[in-house]
Amino acid sequence: MTTSQEPLPSPADAPVQGHCDPRFAAVRQQFQQNFVDRSETGAALAVTLNGELVIDIYGGWTDAGHTKPWAEDTIVCCYSVGKAICAILAWRLAERGELKIDRRVADYWPEFAQNGKTDIPVRWILTHQSGLAAIRRPLPRGAMLD
Numbered sequence: 016m017t018t019s020q021e022p023l024p025s026p027a028d029a030p031v032q033g034h035c036d037p038r039f040a041a042v043r044q045q046f047q048q049n050f051v052d053r054s055e056t057g058a059a060l061a062v063t064l065n066g067e068l069v070i071d072i073y074g075g076w077t078d079a080g081h082t083k084p085w086a087e088d089t090i091v092c093c094y095s096v097g098k099a100i101c102a103i104l105a106w107r108l109a110e111r112g113e114l115k116i117d118r119r120v121a122d123y124w125p126e127f128a129q130n131g132k133t134d135i136p137v138r139w140i141l142t143h144q145s146g147l148a149a150i151r152r153p154l155p156r157g158a159m160l161d
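Just add 15 to wherever you are in the sequence shown, counting from 1, and you've got the working numbering.
Dropping the structure here:
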């Protein structure tokens, strides 16, 4: 017995919605192109400029079968997306002399020293050399949303 499956929608047909200031139309176009060039399934992008939200777009699908469109309020597990932002902010503080990257993290956050982490400097955290482990075993479905 053969089953026929509907073909997936073309990546070029990924629905993109939301607000994009006309000055940034090229960003919206590149966002759309990302579905074609990089086989993106779904994504969202928000950009502020001088406190004004100039881009707030989302598109694609929430599932690999391309049956559920990405919505404005789609919840996403971002994993490591914050690392680069935190590093940029930390280095800016260091440039201003407000953060000493070779001081121990525990000097700024005493509770961090627990469980053998007393001597880890800020630099090791920023360069991912602290030896701190990530998730050690698979989490139950939905645990990251809890």
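Where a beta carbon is used, it is the ideal one built from N, C-alpha and C, also for glycine.
Which listed residue (the options) has its alpha carbon closest to that of residue i
| i | options | result |
| --- | --- | --- |
| residue 50 | 39, 74 and 34 | 74 |
| residue 83 | 156, 29, 72 and 148 | 29 |
| residue 140 | 150, 152, 151 and 118 | 118 |
| residue 130 | 153, 148 and 143 | 148 |
| residue 76 | 45, 142 and 55 | 55 |
| residue 47 | 67, 32, 37 and 154 | 32 |
Neighbour-count burial assignment, residue i, 16 or more Cβ in a 10 Å radius
| i | result |
| --- | --- |
| residue 101 | exposed |
| residue 57 | buried |
| residue 96 | exposed |
| residue 72 | buried |
| residue 9 | Since the displayed the chain opens at 16 and closes at 161, residue 9 lies outside it and no answer follows. |
| residue 17 | Low per-residue confidence applies at residue 17: pLDDT is 45, beneath 50, and the placement is therefore not dependable, though the value from the model is reported in the following sentence. Residue 17 comes out exposed. |
Alpha-carbon spacing of residue i relative to residue j, whole angstroms
| i | j | result |
| --- | --- | --- |
| residue 145 | residue 107 | 21 angstroms |
| residue 59 | residue 69 | 14 angstroms |
| residue 94 | residue 137 | 21 angstroms |
| residue 61 | residue 34 | 9 angstroms |
| residue 120 | residue 133 | 8 angstroms |
| residue 152 | residue 158 | 12 angstroms |
| residue 91 | residue 78 | 12 angstroms |
| residue 41 | residue 99 | 24 angstroms |
| residue 89 | residue 81 | 14 angstroms |
| residue 150 | residue 53 | 28 angstroms |
| residue 39 | residue 64 | 11 angstroms |
| residue 142 | residue 154 | 26 angstroms |
| residue 45 | residue 67 | 21 angstroms |
| residue 116 | residue 105 | 8 angstroms |
- request: Just list the alpha helix (DSSP H) runs in the stretch 87-131, keeping only unbroken ones of 4 residues or longer that don't cross its boundaries, in chain order.
  value: The qualifying runs are 96-110 and 120-123.
If we count Cβ pairs, one from each stretch, closer than 8 angstroms, do we get three or more for the stretch 121-130 versus the stretch 76-90? No contact exists between the stretch 121-130 and the stretch 76-90.
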